[in-house]
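Just so we're aligned: 37 in the numbering used here is position 18 of the sequence shown, and the numbers increase by one with no gaps anywhere.
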Amino acid sequence: MMAIRPALACALALVFNLAAPLCAADDPAGTKPAVAKDDTATRVNPFFAPSPLPFQYPQFDKIRDSDYAPAFEKGMADNRAEIEAIGNNKELATFENTIVAMERSGQLMTRVSRVFFSLAGTNTNEAMQKVQAEMAPKLSAHNDLILLNGKLFARVQSIYDKRETLG
Numbered sequence: 020m021m022a023i024r025p026a027l028a029c030a031l032a033l034v035f036n037l038a039a040p041l042c043a044a045d046d047p048a049g050t051k052p053a054v055a056k057d058d059t060a061t062r063v064n065p066f067f068a069p070s071p072l073p074f075q076y077p078q079f080d081k082i083r084d085s086d087y088a089p090a091f092e093k094g095m096a097d098n099r100a101e102i103e104a105i106g107n108n109k110e111l112a113t114f115e116n117t118i119v120a121m122e123r124s125g126q127l128m129t130r131v132s133r134v135f136f137s138l139a140g141t142n143t144n145e146a147m148q149k150v151q152a153e154m155a156p157k158l159s160a161h162n163d164l165i166l167l168n169g170k171l172f173a174r175v176q177s178i179y180d181k182r183e184t185l186g
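Written out as C-alpha cells, the structure reads:
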C-alpha cells in the first residue's frame with residue numbers, strides 16, 4: 020500500500036505541473052484588448068462570391084451564423100431578378116434561353132442553401148434555428164414566385180410543346 024502513495028503523488032504532481040501553464044494568463048502585461056474588434060463593416064459575406072477552394076467547397080473557417088440571413092435575402096432578390104428576366108425575355112423560348120438559364124439562376128441561393136440546410140440538420144444551434152424559422156416562410160414564398168410565374172410557365176410550356184421537333 021505504501022508503494023502506491025508515492026506513485027500517486029508523482030502522478031498528481033506531473034498532472035498539475037503540465038496543467039499549470041494552461042491556466043496561466045497568456046497576456047500577463049494586459050496588452051490585448053478586452054473585446055475583440057468588430058470587423059462586420061469591412062467583412063465580406065463569404066457566400067456573396069463563389070468559393071476559391073477546389074470544387075467550390077464552402078469556406079467554413081470564414082462562415083458565421085450571421086452570414087446566412089443576409090445571404091438568403093440577397094440570394095432571393097438576385098434569383099427573383101434572374102427569373103423575371105427569363106420570363107420577360109422577348110426572344111422565342113428555347114431550351115438554352117429558358118431551361119438552361121433557369122438552371123444557372125440562383126447561384127447564391129444554391130451556395131447558402133447547401134451549407135445552411137446541411138448544417139441545420141446536423142450541427143445546429145439557436146442562431147441557426149432562428150434563421151431557419153425566419154427564412155422558412157420567405158423561402159416558401161420565393162419558391163411560389165418561381166413555380167407560379169405565368170410568363171415563365173408559358174415559356175417552358177412552349178418548349179415542352181415543341182419537344183418532338185427539338186431533337
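Quick reminder that beta carbons are idealized off the backbone N, C-alpha and C, glycines included.
On a predicted model such as this, the values are computed, not experimentally measured, just so you know.
- THR184 to ALA104, Cα distance in whole Å? Taking the sequence shown and counting its residues from 1, one reaches residue 184 at position 165. Taking the sequence shown and counting its residues from 1, one reaches residue 104 at position 85. One C-alpha to the other measures close to 26 Å.
- Please report how far the alpha carbon of THR143 lies from the alpha carbon of PHE91, in whole angstroms. As a first step, residue 143 must be located in the sequence shown, where it is residue number 124. As a first step, residue 91 must be located in the sequence shown, where it is residue number 72. Roughly 17 Å separates the two Cα atoms.
- Reference VAL150, options ARG83, PRO77, ALA120, LEU166, closest by Cα: To locate residue 150, count along the sequence shown from 1; it is residue 131. Ranking ARG83, PRO77, ALA120, LEU166 by Cα distance to VAL150 puts ARG83 first.
- Message: Considering Cα atoms alone, identify which of MET121, SER124, THR113, LEU166 is closest to TYR179.
- Response: For this step, residue 179 is matched to residue 160 along the sequence shown. Of the candidates MET121, SER124, THR113, LEU166, the one whose C-alpha sits nearest the C-alpha of TYR179 is THR113.
- Can you tell which of PRO69, LEU111, ALA139 has its C-alpha closest to the C-alpha of GLY94? In the sequence shown, counting from the first residue as 1, residue 94 sits at position 75. Closest option to GLY94, Cα to Cα, is PRO69.
- Item | Delimiting residues of the alpha helix (DSSP H) encompassing ILE102 | As a working mapping, residue 102 is identified with position 83 in the sequence shown. 87-106 is the span of the alpha helix (DSSP H), which, as asked, contains ILE102.
- Should THR129 and VAL175 be called a contact, given that it needs their Cβ atoms to be closer than 8 Å? On the sequence shown, position 110 is the one that residue 129 refers to. On the sequence shown, position 156 is the one that residue 175 refers to. Not a contact, by the Cβ cut-off of 8 Å.
- Query: Pick from ARG99, PHE135, VAL134: whose alpha carbon is nearest that of SER124?
  - Reply: Against the sequence shown, residue 124 aligns to sequence position 105. Of ARG99, PHE135, VAL134, the residue nearest in Cα terms is ARG99.
- Item | Coarse secondary structure for LYS81, derived from DSSP in three states | Translated into positions along the sequence shown, residue 81 becomes position 62. Reduced to three states, the DSSP call for LYS81 is coil.
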